[in-house]
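The block underneath contains the structure these notes are about, expressed in structure tokens.
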DNA sequence: ACATTTGTTCTACATTTACGAAAATTGATA
DNA sequence: TATCAATTTTCGTAAATGTAGAACAAATGT
């Protein structure tokens, strides 16, 4: 990859940032991924993906003010850029198009696996 | 990835194998990816992805008989397994669901990038 | 002041993706 | 049947992504 392609996990993170808008930050993103996918994710994985997405220009971020909760350190809030939106839509369209091009025969009988 | 997750390129290859059925083999897959995505792909990338997909159980393959064309080493033809189909559908559904959960606001005004 | 909670940064390593040269077959031709 | 040209896969290596969790930072409660 030449640094402009969206990886599998990166795409997931990008989508979740959209879903969580405007409250997308490291921990909330992690929680949302876990609850929507049943997949376990370490916090470090999320943050490294976030910073790579920002380097690629698909996300931007700003430091929010601290809240009044216990702990409540300042959050870094992420949001999608125009490039990020384009990348997401492009992937979505490509995949839908390919999905629809698969002939019936290619998948016929596959649901009753090894009888 | 723990060996059962589909990588970004792997998912693309899996879709193309479906599209090309029953004539999916290394070179034809490479050509189809290039023509459908305008992305340049090396033959080695395709083959390593194919063998990983087979290890994961998402693809199966068989050696076809030689054709009558000049040259023509025997092709290894790939097709999707039941597990592969499931993985593809699961990804497709998840992505559609997430896409639909993104609030309008998250993408508002992003099309007119840097005027 | 100190413990606790929330959150981000840093570091290290595993897996996937990428590239292209080398090797293996196969039909054609001499 | 030896060699050539064409087609396809295999192999070795480098770079990008994915995964994990400890270290570090800043806020609140007592």
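Residue numbers (my numbering), protein chains in the order written: chain A, 14 to 128; chain B, 14 to 128.
Cβ coordinates follow ideal geometry from the N, Cα and C atoms, glycine included.
What you are looking at is a predicted structure, and each value in this text was computed from that prediction instead of being measured.
Same chain only: Cβ atoms within 6 Å of residue i, ignoring 5 sequence neighbours per side
i: residue 26 of chain A; result: 62
i: residue 60 of chain B; result: 39
i: residue 85 of chain A; result: 79
i: residue 127 of chain A; result: For residue 127 of chain A, the predicted model reports a pLDDT of 44, less than 50, meaning its position is unreliable and no value from the coordinates is stated.
i: residue 108 of chain B; result: none
i: residue 121 of chain A; result: none
i: residue 58 of chain A; result: none
Close-in-space but distant-in-sequence residues of the same chain around residue i (CB under 8 Å, 5 per side omitted)
i: residue 29 of chain B; result: 37, 42, 45, 46 and 49
i: residue 110 of chain B; result: none
i: residue 75 of chain B; result: 89 and 90
i: residue 67 of chain B; result: 73, 74 and 91
i: residue 87 of chain B; result: 76, 77, 78 and 79
i: residue 56 of chain A; result: 39, 40 and 43
Residues of its chain near residue i, where Cβ-Cβ distance is below 7 Å and the 5 sequence neighbours each way are ignored
i: residue 31 of chain B; result: 93
i: residue 113 of chain A; result: none
i: residue 51 of chain B; result: none
Which listed residue (the options) has its alpha carbon closest to that of residue i
i: residue 69 of chain B; options: B/78, B/121 and B/24; result: B/24
i: residue 53 of chain B; options: B/112, B/106, B/22 and B/107; result: B/22
i: residue 35 of chain A; options: A/64, A/66, A/19 and A/72; result: A/72
i: residue 119 of chain A; options: B/122, B/98 and B/76; result: B/98
i: residue 17 of chain B; options: B/55, B/65 and B/33; result: B/65
i: residue 115 of chain A; options: B/102, B/115, B/87 and B/108; result: B/102
Residue-level contact to chain A via CB, residue i, 8 Å cutoff
i: residue 108 of chain B; result: yes
i: residue 105 of chain B; result: yes
i: residue 69 of chain B; result: no
i: residue 17 of chain B; result: no
i: residue 80 of chain B; result: no
Cβ-Cβ separation, residue j to residue i (assumed contact under 8 Å), whole Å
i: residue 123 of chain A; j: residue 100 of chain B; result: 12 Å between Cβ atoms; not a contact.
i: residue 19 of chain A; j: residue 104 of chain A; result: 6 Å
CB contact check: residue i to chain B, cutoff 8 Å
i: residue 128 of chain A; result: Residue confidence is low: residue 128 of chain A scores 41 on pLDDT, short of 50, so the model does not pin down where it sits. Its coordinate-derived value is still stated next. No, because no Cβ of chain B sits closer than 8 Å to the Cβ of residue 128 of chain A.
i: residue 59 of chain A; result: no
Residues in the region 19-34 of chain A having any Cβ partner in chain B nearer than 9 Å: From the region 19-34 of chain A, only 19, 20, 21, 22, 23, 24, 25, 28, 29, 30, 31, 32, 33 and 34 have a Cβ closer than 9 Å to chain B.
Interfacial residues, the region 82-98 of chain B to chain A, with Cβ spacing under 9 Å: 92, 93, 94, 95, 96, 97 and 98
Against chain B: residues of the region 111-126 of chain A by CB proximity under 7 Å: 111, 112, 114, 115, 116, 118, 119, 120, 123, 124 and 126
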